[in-house]
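For what it's worth, my numbering labels the leading residue of the sequence shown as 1, then goes sequentially. Glycine included, C-beta positions come from ideal geometry on N, C-alpha and C. Structure first, commentary second.
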Amino acid sequence: MRASTIVSALVAPPCIVAIAPDVSTALQQILNQAHQGPLYTYPTSLTQDIVPKLIHSHNDYWRDVPFYSAISVGAVSVEADVWLYNGTLHIGHEQGALTNARTFESLYINPILDTLQRQNPTNSSFLTAPTHNGVFDTNGAQTLYLFVDVKTPGNTTWPYVVRALEPLQLGGWLSTVNSSNQFTLGAVTVIGTGNTPLDQVQPVTPRYYFYDAPIPTLNSTFSNITSLVSPIASTDFGANFGPVPGTSLNDTQLALLRAQVATAHAKGIMLRYWDQPGWPISTRNGIWRQLKSEGVDLINVDDLEGGAGFSDESNYW
Numbered sequence: 001m002r003a004s005t006i007v008s009a010l011v012a013p014p015c016i017v018a019i020a021p022d023v024s025t026a027l028q029q030i031l032n033q034a035h036q037g038p039l040y041t042y043p044t045s046l047t048q049d050i051v052p053k054l055i056h057s058h059n060d061y062w063r064d065v066p067f068y069s070a071i072s073v074g075a076v077s078v079e080a081d082v083w084l085y086n087g088t089l090h091i092g093h094e095q096g097a098l099t100n101a102r103t104f105e106s107l108y109i110n111p112i113l114d115t116l117q118r119q120n121p122t123n124s125s126f127l128t129a130p131t132h133n134g135v136f137d138t139n140g141a142q143t144l145y146l147f148v149d150v151k152t153p154g155n156t157t158w159p160y161v162v163r164a165l166e167p168l169q170l171g172g173w174l175s176t177v178n179s180s181n182q183f184t185l186g187a188v189t190v191i192g193t194g195n196t197p198l199d200q201v202q203p204v205t206p207r208y209y210f211y212d213a214p215i216p217t218l219n220s221t222f223s224n225i226t227s228l229v230s231p232i233a234s235t236d237f238g239a240n241f242g243p244v245p246g247t248s249l250n251d252t253q254l255a256l257l258r259a260q261v262a263t264a265h266a267k268g269i270m271l272r273y274w275d276q277p278g279w280p281i282s283t284r285n286g287i288w289r290q291l292k293s294e295g296v297d298l299i300n301v302d303d304l305e306g307g308a309g310f311s312d313e314s315n316y317w
């Protein structure tokens, strides 16, 4: 199923189809028409029945509909590559892919805000206090990780990222660290990666954005990084481990993985490896399974449907 088809189902209530050959005609008619009446619909149903999965939608902006495609399969993490030109943050993997319409605001900030507003209606007579649910209706406490991959020079680009985040910050949706170094989980956790400058993140308090530290140097160059600065650390799988000729890491690679997981987890930092083998599928699935079983927290996927479906096969997510 294409992502556009999935997203259409996400934003408009789907028609119910036959669920079993022995369902009576009368019962099937009730199922088919359930979404048309007030008895079986509710205000926060945008992500109804979507189970969050600990997968990262790598290069999310390549999807048919960025952000919406990711949450439609339950991915709890998305990624936006941003390029600063003439005061606007454009979205794309390369300069030649940029357009005036595809911006950080249009593809991420506004859709995320709209989803959060749908999940937190304010006009209900049943509310006794404002809600701060996340994007997933099945688990309102699940944060959405928003990785912002800065492609243009970080010292000039990052202030524009911070400015673009203001609508989410003013709405109280972002995870924060206050001046007393106390962390508060929000509906969205922003993590700067790529050219994000550490010196514009680490010393800032209070702060509502974080830094993607490099996994290999958490015990050396970046040993002073804590989870309050970097709740998730990442690295290039291939550059870190080298080639995988079979369907799993060899003993040397596995020892390195276990050492890196131990170092990060001792700091309370989660891990993500990007650019794992995508082909053959047996290798891809074997690496996904091994990373998860060894304690890697967020599995990087380029094939969203494959990653979401793999959860059904392995029961790992």
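Check, Outcome
"Which residues does DSSP pair with tryptophan 83 in a beta bridge?", "His90"
"In terms of alpha-carbon separation, which member of Thr152, Lys151, Gly134 lies closest to leucine 144?", "Gly134"
"Let me know if leucine 291 comes out buried or exposed under the rule of 16 or more other beta-carbons within 10 Å of its beta-carbon.", "buried"
"Measuring only the C-alpha atoms, how far is histidine 56 from glutamate 79?", "8 angstroms"
"Look up tryptophan 173 in the DSSP assignment and say whether it is helix, strand or coil.", "coil"
"Would you check if the distance between the CB atom of glutamine 117 and the CB atom of aspartate 137 is smaller than 8 angstroms?", "no"
"Check for me: the alpha helix (DSSP H) holding tyrosine 61 runs from which residue to which?", "Per DSSP, tyrosine 61 belongs to no alpha helix (DSSP H) and is neither H nor E."
"To the nearest angstrom, report how far apart serine 282 and valine 301 are at their CA atoms.", "14 angstroms"
"So, at 6 angstroms on beta carbons, what are the nonlocal neighbours of glutamine 48 in its own chain, with the 5 sequence-adjacent residues on each side left out?", "Asp137"
"Around the Cβ of leucine 27, are there at least 16 other Cβ atoms within 10 angstroms (buried) or fewer (exposed)?", "exposed"
"Assuming the contact rule is C-beta atoms closer than 8 angstroms, proline 203 and threonine 176 should be a hit. Round their C-beta distance to whole Å, please.", "About 15 angstroms separates the two Cβ atoms, so there is no contact after all."
"Could you check the C-alpha separation between arginine 272 and leucine 54 for me, to the nearest Å?", "10 angstroms"
"What are the boundary residues of the beta strand (DSSP E) that valine 299 is part of?", "One detail in the question is off: residue 299 reads as isoleucine in this sequence, not valine. Run containing isoleucine 299: 299-301, per the beta strand (DSSP E) assignment."
"List the whole-angstrom C-beta distance separating methionine 270 from aspartate 297, where the pair is believed to meet the contact cut-off of C-beta under 8 angstroms.", "4 angstroms"
"Which residues in the same chain as methionine 1 place their Cβ atom closer than 8 angstroms to its Cβ, once the five residues preceding and following it in sequence are excluded?", "Only weak support exists for where methionine 1 lies, its pLDDT of 43 falling under 50; the value from the coordinates is given anyway. Counting only Cβ-Cβ distances below 8 angstroms, and skipping sequence neighbours, we find Glu305."
"Hey, how far is the Cα of valine 244 from the Cα of aspartate 236?", "14 angstroms"
"Let me check one thing: in DSSP terms, what residues is lysine 53 bridge-paired to?", "Ala75"
"Assuming valine 190 and valine 150 are in contact, meaning their beta carbons sit under 8 angstroms apart, how far apart are those beta carbons, in whole angstroms?", "The pair is not a contact, with the Cβ atoms about 12 angstroms apart (cut-off 8 angstroms)."
"Whose CA, out of Val188, Gly87, Thr103, lies closest to the CA of alanine 141?", "Val188"
"Could you have a look at arginine 102 and say whether DSSP puts it in helix, strand or coil?", "coil"
"Give the straight-line distance between the Cα atoms of tyrosine 209 and glutamine 29, rounded to the nearest whole angstrom.", "49 angstroms"
"At the level of alpha carbons, what is the spacing between serine 293 and proline 280?", "20 angstroms"
"Flag this pair as yes or no: are the beta carbons of leucine 89 and threonine 99 separated by less than 8 angstroms?", "no"
"Report the residue from Gly92, Ser72, Tyr40, Leu218 whose alpha carbon sits nearest the alpha carbon of alanine 266.", "Leu218"
"State the DSSP-derived secondary structure class of glycine 192, mapped to helix, strand or coil.", "strand"
"What does a CB cutoff of less than 8 angstroms around leucine 165 pick up in its chain, not counting 5 residues either side in sequence?", "Ile109, Leu174, Val190, Tyr208, Tyr209"
"Can you tell me whether tyrosine 68 is buried or exposed, with buried defined as 16 or more other CB within 10 angstroms of its CB?", "buried"
"Identify which residue in Asn285, Trp83, Ser125 has its Cα closest to the Cα of glycine 246.", "Asn285"
"Looking only at its chain, what residues have a beta carbon closer than 8 angstroms to the beta carbon of alanine 12, apart from the 5 residues adjacent to it on each side?", "Note that alanine 12 has pLDDT 45, beneath the 50 cutoff, so the model's placement of it is unreliable and the number below is only indicative. Within the same chain, alanine 12 has no close Cβ partners at all."
"Please classify aspartate 149: does DSSP put it in a helix, a strand, or coil?", "strand"
"For valine 226, I'd like the list of residues in its chain whose CB is within less than 7 angstroms of its CB, leaving aside the five on either flank, ordered along the chain.", "The sequence shown places threonine at residue 226, not valine. Answer for threonine 226: Lys267, listed in chain order."
"May I ask which residues mark the beginning and end of the alpha helix (DSSP H) holding aspartate 236?", "Element bounds for aspartate 236: not the alpha helix (DSSP H) but the beta strand (DSSP E), 232-236."
"From valine 229 to serine 220, what distance separates their C-alpha atoms?", "16 angstroms"
"Note down, in chain order, each residue of its chain lying with its Cβ closer than 6 angstroms to the Cβ of serine 248, except the 5 sequence neighbours on either side.", "Gly286, Gln290"
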